[in-house]
Every structure is written in structure tokens, then in C-alpha cells.
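Novice: In UniProt numbering, the protein residues as written are 1 to 247.
Even glycine gets a Cβ: it sits at the ideal position worked out from N, Cα and C.
Please read through the structure below; I'll follow up with questions.
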Amino acid sequence: MKIADEVAEAFRKALLSWGERNIVNYPWRKNRTPYRVLLAEILLHRTRAEQVIPLYNNLVALCPDAFSLAAIDRGELHRMLKSAGLRWRIDLMHEMAKTIVERYNGEIPEKREELMKLPGVSEYIASAVRCFAYGYPEPLLDTNTVRIAGRVFDIEVKDSSRRSKKMREFMRNLLDTERPDVFNYAMIDFGKKVCKKRNPECFACPLWMCSYRIRIINDFYKKEGVFYEGGFDRGADQRNSGAQKWA
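Next comes the structure, spelled out in C-alpha cells:
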């Protein structure tokens, strides 16, 4: 799907403006060393951020680098993380740290292909490390960020969309290349706070070009006998043609 440059720019500006006021200042978003970003992303996988905060703080204090994480007794890690249901990640984290020490002398690799050779590192985690620690303009595709893109630009998304090359390229074109970290943090938090899976806050949404938002508000006002039209005028046929289907 190709979108007009002015539409993409309007989306970026609106999202970044929201982000400047609403991005959450989690501890892993400060002092972003590659090791800390990697550790946080492993902990955050399928775990609520609020639950990760004390675990992350304790783990960074106990294991400030890959050498100390590789050397720590696994029983200590189990005691620290099992209460959060992270037991399956403990062995992966330990193996990951040992690999970093043995192959990379304790340094977190910068290249995507090297990152993805580490135990427990997915494509999403590799992208997050490259963006937040090394500053690369990497799009982050998960259920939240893909849902936002789907709603705003009227794209039909499903679970496989976050692994789609077409969707990755589309998201890359949306990305703010000057501030990719802020853009991605804003996308993550916006999906949790506003563009939620259930009961999205469409009336509070600043993304005025959003196709989904326009339909929701239109439906509301139609009941009141008023027609609402927002966003760019891209033609009634395009607005009403239904979602585009992507794999």
C-alpha cells in the first residue's frame, strides 16, 4: 500500500505530539545501554510493563553487565523471576549472557543477524535493541503497533501481519527517521492507552486522519442526525471501499 507523503507526515506529527506529553518514563527507557535494552525486552515479552519494573531494577542492580549475568547462579535467577511467571525465560537469559561473553567478549552485537543468533532474541527484540540502543530507524511490529497502522490506514490485519514483509516495509515508511526511538515508544504507549484492542478511545484520539476513528465518530453522530467528516479528503469511493487485505 502506498500512502501520500503528506498523510504519513501528518500521522508522524500527531503521534509525536501525543508522545511528547504521554510517553511513560519506564526505567529501561533511561540510560539505554545495549545490554539494558536487551534485558528489558526479554523481560517484557508477554509480560506487563508494571510487573517488569521491580524485576528489571533488581536484575540490573544484581547483574549490571553480561559477564555478571553469565556468572550468576541459576537458582538465584529462579528465585528472582519465578514469581512473575518468567521461569521459562531464565535458562534462555543465562544462555544468552554466556553466548554474549564467549562470542562477543561481553558486548551486545549491533548487526541484526548477529543479534538474532542469541538465544531468546526474536526479530522484534533485535529491532528494539537496534532502535533504542544503537539509534537505527527500525520499525517495531507487534499486535499493538500493527493494529494502529491497520486502523489509521484502513488495512485489514491479522496475527501474521506482524511478520509480514509488506507490513514491515509499510511501517518503515511511516517511521520518523530522525527520532525513531521516540516514534516507537509513542506507538507502543498509544496502543496501550488510546488505540486499545477493546474500547479504543476514538473521541480522545489525536490521529484525526484515522479511517477507523472517522467511522466510529460518524456512526455516533449519525444517530444524532449529524454527519462528521474528518481526515484528508481522499475521495468517497476510497473511504467507503472497505479494508484492504494484506497477508
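1) State yes or no: is the C-beta of L15 within less than 8 Å of the C-beta of M187?
2) Just the C-alpha distance for L59 and S127, rounded to the nearest angstrom, thanks.
3) Are there three or more Cβ pairs, one per stretch, closer than 8 Å when the segment 69-78 is compared with the segment 40-54?
4) From M209 to T145, what does the alpha carbon distance come to, in whole angstroms?
5) With DSSP run on the structure shown, which of helix, strand or coil describes I23?
6) Kindly indicate which residue of P137, K117, K197 has the alpha-carbon position closest to the one of D176.
7) Report yes if the C-beta distance between R130 and R112 is below 8 Å; otherwise report no.
8) Go to T99, then tell me how far its alpha helix (DSSP H) extends in each direction, as first and last residue.
9) Which partner residues does E110 have in the DSSP bridge list?
10) Since W18 and F170 should fall inside the 8 Å C-beta cutoff, what is the C-beta to C-beta distance between them, to a whole number of angstroms?
11) Taking its Cβ as the centre, do 16 or more other Cβ atoms sit within 10 Å of F220, making it buried, or is it exposed?
12) Within the 8 Å Cβ cut-off, does Q51 reach chain C?
13) Please go through the same chain and pick out, in chain order, the residues whose beta-carbon is closer than 7 Å to the beta-carbon of I148, but skip the five residues on each side of it.
14) Give the range of the alpha helix (DSSP H) segment to which L59 is assigned.
15) DSSP three-state label for E156, please.
16) Verify whether the separation of the beta carbon atoms of F132 and G106 is less than 8 Å.
Specialist: With the given structure in hand:
1) Locating residue 15 in the sequence shown gives position 15, where the first residue counts as 1. Locating residue 187 in the sequence shown gives position 187, where the first residue counts as 1. Yes, these two residues count as a Cβ contact at 8 Å.
2) Sequence index remark: in the sequence shown, residue 59 carries index 59 (1-based). Sequence index remark: in the sequence shown, residue 127 carries index 127 (1-based). Going by the C-alpha atoms only, they are around 22 Å apart.
3) no
4) Counting from 1 along the sequence shown, the entry for residue 209 is found at position 209. Counting from 1 along the sequence shown, the entry for residue 145 is found at position 145. Roughly 16 Å between the two C-alpha positions.
5) For the purposes of this step, residue 23 is identified with residue 23 of the sequence shown, where counting begins at 1. Three-state DSSP puts I23 in coil, outside helix and strand.
6) For the purposes of this step, residue 176 is taken as residue 176 along the sequence shown, with counting starting at 1. The candidate whose alpha carbon is nearest that of D176 is P137.
7) Residue numbering aside, residue 130 sits at position 130 when the sequence shown is read from its first letter. Residue numbering aside, residue 112 sits at position 112 when the sequence shown is read from its first letter. It is a contact, given that the beta carbons lie within the stated cut-off.
8) In the sequence shown, the residue the question calls residue 99 occupies position 99. Unbroken alpha helix (DSSP H) run through T99: 87-104.
9) In the sequence shown, the residue the question calls residue 110 occupies position 110. According to DSSP, E110 shares a beta bridge with no other residue.
10) Within the sequence shown, numbered from 1, the residue matching residue 18 stands at position 18. Within the sequence shown, numbered from 1, the residue matching residue 170 stands at position 170. About 20 Å; that fails the 8 Å criterion.
11) Here residue 220 is taken as the residue at index 220 of the sequence shown, counted from 1. Classification for F220: exposed.
12) No chain C is part of this structure, which consists of one protein chain only.
13) Sequence index remark: in the sequence shown, residue 148 carries index 148 (1-based). Counting only Cβ-Cβ distances below 7 Å, and skipping sequence neighbours, we find M187, F190, G191, C195.
14) Sequence index remark: in the sequence shown, residue 59 carries index 59 (1-based). Segment 49-62, the alpha helix (DSSP H) holding L59.
15) Taking the first residue of the sequence shown as position 1, residue 156 is located at position 156. Strand.
16) Against the sequence shown, residue 132 aligns to sequence position 132. Against the sequence shown, residue 106 aligns to sequence position 106. Result no, Cβ atoms of F132 and G106 do not sit closer than 8 Å.
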